[in-house]
Amino acid sequence: MTAADQLAKEGINIRVIDPFTIKPIDETLLVQAAKDTFGRIVVVEDHAPEGL
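Going by my numbering, the residue at position 22 of the sequence shown is 22; the numbering climbs one at a time, nothing skipped.
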């Protein structure tokens, strides 16, 4: 979330979605996010228990 906060200070608005699990997937949320961001979605898959 620190990156999102820093980008907001620079006038760049992003959306962070942090699903705890992928099943069941919130398809409505993801479709709306894609519409809101003109189809731009970045996925970060990180399995480190405490982050990197």
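Think of the CB as a built atom: it goes at the ideal place given N, C-alpha and C, for glycine as much as any other residue. Please read these numbers as outputs of a predicted model, since none were measured by experiment.
Query raised in the report: Just the Cα atoms here: how many angstroms apart are Leu-7 and Pro-24?
Result: 30 Å
Requested in this report: Taking only the alpha-carbon atoms, compute the straight-line gap between Asp-36 and Pro-49 and give it to the nearest angstrom.
Outcome: Cα atoms of Asp-36 and Pro-49: separation of roughly 31 Å, rounded to the nearest angstrom.
Query raised in the report: Do you know offhand how far Glu-27's Cα is from Glu-45's?
Result: The C-alpha of Glu-45 is placed about 18 Å away from the C-alpha of Glu-27.
Report task. Might you give, ordered along the chain, the residues of its own chain that have their beta carbon closer than 7 Å to the beta carbon of Phe-38, omitting 5 neighbours on each side? Result -> none
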